[in-house]
């Protein structure tokens, strides 16, 4: 009798498990960033932002179309390389992800966006700022940060109006991001009657800038702008000091990290560096961002570098559209995602325009004092 009872209990448990499984919806979300190479610290920061969102969503027990969703993060490394970026994108498409958050760099996000568009899979970038990213006519492409037209232009105007730059030199790393933000910076300078005394370029793997900095030194610059990432900006600041160039050093969000003082190895003077990050919160919204940073530190034992909060919001925006559409099928929730209005994220309110760009995107200006990043102002 006991044996028979055990068989009945086991059968009932199997049925219940099968029924629960049938009611559970597995939703795969892809994330791509450079978790190897010179800016791996930024790639890991991004991936952790996605991981934090996924863990919280699973803990909440989110329902999509009457089924409990179980979210899985599929994380890929593109090493900041366009070819590796498209390979990672194809891998995620083949894995049947419902949506993708990434990539970090414009240079990888732009070629990968065609792969996602062809597959009809929504892609929300937390950090690609090159204007071209959302101007290719793809319906699947979105971003939660302001673009380089806004970012570079604002920095260019700031260099002339606030820093009173008379002799301004510009260097870029020839990537889609670096060259793009430097071009917009130059336009911003010229719009306020400023002049560019010298324009030089390097690459995103370079370590020696003696030749270009010596050429720039001859112009006696008061402002040097660098379009590129912190891994190159740090050594560049060191070499400027060695050559006796006492100019203000400016850059976009790529240099505006917590790691920059370490990469500059003590060569940064207080207030010397002025950079801007796409995004920014003011007033009551500051409390949410501070809580996010504290929770992030507790979870990963690491400070937020730059983009983790934007990755977190991008992940949640994707899921909010799935919940509203009652489906994780990209074809069904994509139109809902495109109509996202006033989503309240830790980085501020998110509304997409017809191109997939964030409306009324903010910028935050920063400087560094005593190796700590300090906010100057939030501008729109």
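In mature numbering (1 follows the signal peptide of the UniProt record, and there is no 0), the protein residues as written are -22 to -1, 1 to 358.
C-beta: ideal position from N, C-alpha, C; glycine also.
Since this is a predicted model, take the numbers as computed values, not measurements.
- Taking only the alpha-carbon atoms, compute the straight-line gap between residue 422 and residue 310 and give it to the nearest angstrom. Here the chain covers residues -22 to 358 and nothing more, so residue 422 does not appear.
- Message: Going by beta-carbon coordinates alone, are residue 230 and residue 159 separated by less than 8 Å?
- Response: Reading the chain shown from its first residue, position 252 is the one you call residue 230. Reading the chain shown from its first residue, position 181 is the one you call residue 159. Between residue 230 and residue 159, the C-beta spacing is below 8 Å.
- Spatial distance of residue 87 from residue 272 (CA atoms): Numbered from 1 along the chain shown, position 109 holds the residue referred to as residue 87. Numbered from 1 along the chain shown, position 294 holds the residue referred to as residue 272. When rounded, the distance between both Cα atoms is 29 Å.
- To the nearest angstrom, how far is it from the Cα of residue 347 to the Cα of residue 238? Within the chain shown, the letter at position 369 stands for residue 347. Within the chain shown, the letter at position 260 stands for residue 238. Distance between the alpha carbons of residue 347 and residue 238: 12 Å.
- Message: By the three-class DSSP mapping on this structure, what secondary structure does residue 101 have?
- Response: Translated into positions along the chain shown, residue 101 becomes position 123. The answer is strand: DSSP assigns residue 101 an E or B state.
- What is the C-beta distance between residue 54 and residue 10, in whole angstroms, given that I count them as a contact (C-beta under 8 Å)? To locate residue 54, count along the chain shown from 1; it is residue 76. To locate residue 10, count along the chain shown from 1; it is residue 32. With a contact defined as Cβ atoms closer than 8 Å, residue 54 and residue 10 qualify at about 5 Å.
- Query: For the 8 Å Cβ check, are there 3 or more pairs between the segment 255 to 267 and the segment 160 to 171?
  - Reply: In short, these stretches do not touch, since the Cβ pair count stays below three.
- Message: What would DSSP say about residue -7, mapped onto helix, strand or coil?
- Response: For the purposes of this step, residue -7 is taken as residue 16 along the chain shown, with counting starting at 1. Residue placement at residue -7 cannot be trusted, given a pLDDT of 48 that sits under 50; what the coordinates show is reported in the next sentence. Helix.
- Message: If we require 4 or more residues per run, which alpha helix (DSSP H) segments fall completely within the segment 255 to 329?
- Response: 263 to 278, 286 to 303 and 308 to 316
- Task: Mind checking who residue 9 pairs with in its DSSP beta bridge?
- Result: Within the chain shown, residue 9 is the residue found at index 31, counting from 1. DSSP lists 53 and 79 as partners of residue 9.
- Task: Check the Cβ-Cβ distances between residue 142 and every residue of chain C, and say whether any is below 8 Å.
- Result: Among the protein chains of the structure shown there is no chain C, as only one such chain exists.
- Query: Cα separation between residue 304 and residue 218?
  - Reply: In the chain shown, counting from the first residue as 1, residue 304 sits at position 326. In the chain shown, counting from the first residue as 1, residue 218 sits at position 240. Rounded to the nearest angstrom, the two C-alpha atoms are 56 Å apart.
- Task: Scan the segment 151 to 184 and note each continuous alpha helix (DSSP H) run of 4 residues or more that stays entirely inside, going in chain order.
- Result: 154 to 169
- Rounded distance between the beta-carbons of residue 153 and residue 182, thought under 8 Å: As a first step, residue 182 must be located in the chain shown, where it is residue number 204. As a first step, residue 153 must be located in the chain shown, where it is residue number 175. The Cβ separation is near 5 Å, so the contact holds.
- Message: By alpha-carbon positions, which one of 270, 78, 8 and 39 ends up nearest to residue 281?
- Response: Within the chain shown, numbered from 1, the residue matching residue 281 stands at position 303. Residue 270 is the option with its Cα nearest to residue 281.
- Query: So does the segment 37 to 50 actually touch the segment 81 to 97, counting three or more Cβ pairs closer than 8 Å?
  - Reply: Not touching, per the Cβ criterion.
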